[in-house]
Amino acid sequence: MHLLHLPTQPSMIGQAHIRSHRPAVSTRYWSLRNAFLSCAAFAAVLLPHPIFAAPAGQSVETASSAEMALRYAQADRFAGRSLAEMVDNTTIAPKFVGQGEKAGLLYQTGNWKRASYVFLDLATMQKREIATSASLMAATGRPNETEPDISNVYYDPTSSTIYFQAAGKSWTMAAGEAAKAIPSTAPASMDLPSPDGKTRIVARNFNLYAVDVASGREVALTTDGTREQPYGRPIPHLPDMLRANSEEPDMPVSAIWSPDSRYLLTWRLDVRGVRKLSMTQQNPPGEFYPRSFSYIYPLAGARVLPQSQRLTIDVAAAMKSGQAKIIPLAIPSESILYPSPPDMGWQDGKVRAQWTERGYKQIAVYHADPATGKSTIVAHESVKPLVTVTSSMIMPAPKLGGELSISERTGWAQLYLVHPNDPDGGTPLTKGEWEVLSVDHIADDRKSLLVTGVGREAKRNPYWRSLYRVATNGSSITELTPEPLDHDVSISDDGRWIVDEMSSPTSPTRSVLRDGATGKIIMELAKADMSRLMAAGYTPPEPFKGVAADGKTPIYGMLYRPANFDPKKNYPIIDNVYTGPTTTDVPATWNETIRVSGNSVAQLGAIVVMIDGTGTSRRGQKFRLPAYENLGEVGLDDHISLIRQMAQKYPYMDTQRVGVFGGSAGGYDTARFLLRRPDFFNVGVSSAGNHELRLDKTWWPEVSMGDADDAIWEANSNISVAGNLQGKLLLVHGDIDDNVPITASYRLAKALIDAGRDVDMIVMPNTGHGIYQPFYVRKMRDYFTRHLLGETPPPLPPVKGKAQAATQ
């Protein structure tokens, strides 16, 4: 085993196609610092042991060092921001802003480096540019910045004020080319002010206190909070600890005021008996010595998980009497499947809370009286073998007098209106063998709603989204986006306007404004310009349709070829893998297609493929169920089947030389493919893999594994099949990964060593879950170049500055 701990540099160039498989509310953190060589410090490079062979009757051409250098340069050009800089208007980031006569649409044209921010007045249909990325950077005092870091741009048409973020700060400026932005200097407050501004809630010593703003008088709302059972305090994330250099960082109060400022809705955490993880950061920025942290992270398959109990407190009464009364809500204690607060809020004077049973056996929505704690189930979902929350949802619909539920009770994710008096029933609003993905708008007249769905239209890619108007009595459904493309829509609050960014992997994005009632196109807002990309020699990818390993189920894939592609040559195959099941992998839009790392990796001289086999989402429950208690096998043979079908159509694809790479669950897949099908997959680069599912956060594995027993967990662990390795495997993991702890890669490395197998491993210092740094990208390229292409990687570019002087 060759184990390297090496320093990294952050960059978007060469970003790996990696998924965090975290809830959408989560945030990634990356940092960097110098590092040290560990036990294999003598191994300056990974020793080359190429695994490649020419098919019978064919030879594999070798490339010169100069040729490989050109390939690497081309790979850089077609990676991340470098590629994105060559295409304009792939997405316009639309935002509806303002109200009434001032209502408008803010959108962006150009690309990340040269952006123009345009305001469309919806009353007059007149457009005007309100800012550019250059003018915003100049307003922050950095006019010569070559790589703008502008984000979260918002425009208030009433005050003609622009809000945006840059350089880690929030800025405010008046619209105008020469305006100067003012940074926000107010520190983030951990307190929770009431809606009327008279009271604020503070947390101290694991308890909650109400403070009268006018007088400063304080009343204790809770008194028995402890470190293991705090009130209004969620489980801290590891990055929060790292920033604060403390296992108990300051955190905002986790509670929600009632709109009338009377009640506080909060919860109590219970982590008694929960096993902790530990992490040592070997190179803390600005510190000489390592630092260690113990932290709570709910793990899949664990017998004891953190629990949450919802409660209310009448704060108004407490401020009058000086004493508070805790009102526990009659809702079962809920297992915390990820470090975040429970799902709850206010609706029509009552508490609305969604409760999920461990193993996803059932989901219930409760309405509770904040004064008494009494509760009622108003919607309930239970589907065998489990409720797949990534394909189902329950959302409040007070306009319609109930809850809207996307349910797989028929085997397909369809929409139902569930009434409180029949929580297990509901009026079906849609039906058929297609999937509703989201409810996007409910009409004020309550007669219709807008939903996004996939797979309804015949002879169309089943993954392409379309927008539909659905009658709330279930009598009709009308498609508003009829073009045979994927439709990424944004809808104004009043439902009058629709922005549609339509595209496909072979059709660049066209962004239009539509009438919300009819879907009629009102005007074109922007159209993607790919002329610079094509002039750079870009070869567009090719969608591919075939059948799964069962010989009959249609599945879809994508092929990426190098810019200098020659069908007379012989090319190895590299599978960019993510078998799901919580999502899909193959790009369905133009924007996704040009941003995946297959564009870059193919430039090494390979055909890169992406495949959605059985077990992935958006194709119905039957298509996805092969993943149930079977994450270690699902989709594996489908990938092999489709690769062979591709090679049968295109003989230049060499099935004797097949590599695979992926990140996160794709890192798990990468190792799994080599370990379970060593006769087909030769070389793999696995980054941030959750190789032992029981060392991953609870929600992600259990959404497919349910409440599996230990034997099933063991069968799906990469550690259990480590002895099968025959090819070359590189494991890469960040040492402060808070999403998939590095323990998983260490465990697999040890199992491979114990089994007498050879493995290479790189630990990325001060790196979290997102591994995309240039050093990693270079090592991945080198690994495939040596072991799959049978070539020698080009030499590293010369070092500069102090490092260069030190070598002279």
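Just so we're aligned, residue 2 is where the sequence shown starts under my numbering, counting upward by one.
Beta carbons are placed, not taken as given, at the ideal position from N, Cα and C, and that holds for glycine.
Tell me the residue span of the beta strand (DSSP E) that contains residue i.
{"i": "residue 117", "result": "116-122"}
{"i": "residue 170", "result": "170-175"}
{"i": "residue 569", "result": "First-last for residue 569: undefined, no H or E at that position."}
{"i": "residue 346", "result": "345-348"}
{"i": "residue 592", "result": "Run containing residue 592: none in the beta strand (DSSP E); it sits in the alpha helix (DSSP H), 591-596."}
{"i": "residue 658", "result": "654-664"}
{"i": "residue 69", "result": "Per DSSP, residue 69 belongs to no beta strand (DSSP E); it is in the alpha helix (DSSP H), 66-78."}
{"i": "residue 107", "result": "105-111"}
{"i": "residue 504", "result": "498-505"}
{"i": "residue 398", "result": "394-398"}
For the alpha helix (DSSP H) that contains residue i, what are its first and last residues?
{"i": "residue 602", "result": "599-602"}
{"i": "residue 134", "result": "134-140"}
{"i": "residue 385", "result": "Segment: none, residue 385 is in no alpha helix (DSSP H) and carries neither H nor E."}
{"i": "residue 82", "result": "81-85"}
{"i": "residue 781", "result": "775-788"}
{"i": "residue 623", "result": "622-625"}
{"i": "residue 362", "result": "Neither: residue 362 is in no alpha helix (DSSP H) and is coded neither H nor E."}
{"i": "residue 650", "result": "637-650"}
{"i": "residue 822", "result": "There is no way to answer for residue 822, as the model of the chain reaches only from 2 to 809."}
Mind checking residue i: buried by the 16 CB within 10 Å criterion, or exposed?
{"i": "residue 224", "result": "exposed"}
{"i": "residue 197", "result": "exposed"}
{"i": "residue 800", "result": "exposed"}
{"i": "residue 214", "result": "exposed"}
{"i": "residue 322", "result": "exposed"}
{"i": "residue 298", "result": "buried"}
{"i": "residue 798", "result": "exposed"}
{"i": "residue 40", "result": "Residue confidence is low: residue 40 scores 33 on pLDDT, short of 50, so the model does not pin down where it sits. Its coordinate-derived value is still stated next. Exposed, since its Cβ has fewer than 16 Cβ neighbours within 10 Å."}
{"i": "residue 796", "result": "exposed"}
{"i": "residue 784", "result": "buried"}
{"i": "residue 415", "result": "buried"}
{"i": "residue 289", "result": "exposed"}
{"i": "residue 436", "result": "buried"}
{"i": "residue 1", "result": "Outside the shown range of the chain (2 to 809) lies residue 1, about which nothing can therefore be said."}
{"i": "residue 67", "result": "exposed"}
{"i": "residue 357", "result": "buried"}
{"i": "residue 399", "result": "exposed"}
{"i": "residue 25", "result": "Here residue 25 scores only 36 on pLDDT, less than 50, and its place in the model should not be relied on; the value that follows carries that caveat. It counts as exposed."}
{"i": "residue 580", "result": "buried"}
{"i": "residue 373", "result": "exposed"}
{"i": "residue 630", "result": "buried"}
{"i": "residue 144", "result": "exposed"}
{"i": "residue 147", "result": "exposed"}
{"i": "residue 717", "result": "buried"}
If I'm right that residue i touches residue j with Cβ under 8 Å, what's the distance once you round it to whole angstroms?
{"i": "residue 571", "j": "residue 441", "result": "No, residue 571 and residue 441 are not in contact; Cβ-Cβ is about 48 Å, not under 8 Å."}
{"i": "residue 612", "j": "residue 639", "result": "7 Å"}
{"i": "residue 254", "j": "residue 226", "result": "With a Cβ gap of about 12 Å, residue 254 and residue 226 do not count as contacting."}
{"i": "residue 789", "j": "residue 658", "result": "6 Å"}
{"i": "residue 812", "j": "residue 174", "result": "Residue coverage of the chain in this structure runs from 2 to 809, which leaves residue 812 outside it and unanswerable."}
{"i": "residue 563", "j": "residue 540", "result": "7 Å"}
{"i": "residue 453", "j": "residue 466", "result": "5 Å"}
{"i": "residue 1", "j": "residue 285", "result": "No answer is possible for residue 1: it lies beyond the span of the chain, which begins at 2 and ends at 809."}
{"i": "residue 558", "j": "residue 578", "result": "With a Cβ gap of about 11 Å, residue 558 and residue 578 do not count as contacting."}
Cβ of residue i within 7 Å of any heavy atom in the ligand SAH?
{"i": "residue 742", "result": "Summarising the ligand content, the structure contains no ligands, and the ligand SAH is consequently not present."}
Evaluate contact between the stretch 271-283 and the stretch 731-748, counting only Cβ atoms and requiring at least three cross-stretch pairs below 8 Å. yes
Run through the stretch 183-262 for me and flag every whole beta strand (DSSP E) of 3 or more residues, listed as ranges in chain order. 200-205, 208-213 and 219-221
When you compare the stretch 617-627 with the stretch 593-609, are there three or more beta-carbon pairs, one atom per stretch, that lie closer than 8 Å? no
Do the stretch 702-711 and the stretch 297-304 touch if we need at least three Cβ pairs shorter than 8 Å? yes
Hey, is the stretch 334-346 in contact with the stretch 259-269, meaning 3+ C-beta pairs nearer than 8 Å? yes
Are there three or more Cβ pairs, one per stretch, closer than 8 Å when the stretch 671-678 is compared with the stretch 644-651? no
Inter-stretch contact at 8 Å, needing at least 3 Cβ pairs: the stretch 84-91 / the stretch 507-516: yes
Only counting runs of 4 or more residues, tell me where the alpha helix (DSSP H) segments fall wholly within the stretch 520-557, in order along the chain. 532-536
If we count Cβ pairs, one from each stretch, closer than 8 Å, do we get three or more for the stretch 488-505 versus the stretch 546-565? no
Beta strand (DSSP E) segments (min. 3 residues) lying fully within the stretch 406-489: 415-419, 436-443, 449-455, 466-472 and 478-480
Could I get the ranges of all uninterrupted alpha helix (DSSP H) runs contained in the stretch 690-740, with 4 residues as the minimum, in chain order? 700-706 and 711-716
Segments of 3+ residues assigned as beta strand (DSSP E) that fall wholly inside the stretch 266-353: 277-282, 292-297, 308-315, 327-329 and 345-348
Given 8 Å, three or more beta-carbon pairs between the stretch 418-427 and the stretch 457-471: no
Three or more C-beta pairs below 8 Å linking the stretch 117-133 and the stretch 96-107: yes
Can you find at least 3 beta carbon pairs, one from the stretch 743-754 and one from the stretch 689-707, that sit closer than 8 Å? yes
In chain order, what are the residue ranges of uninterrupted beta strand (DSSP E) at least 3 long that sit wholly in the stretch 138-167? 152-157 and 162-167
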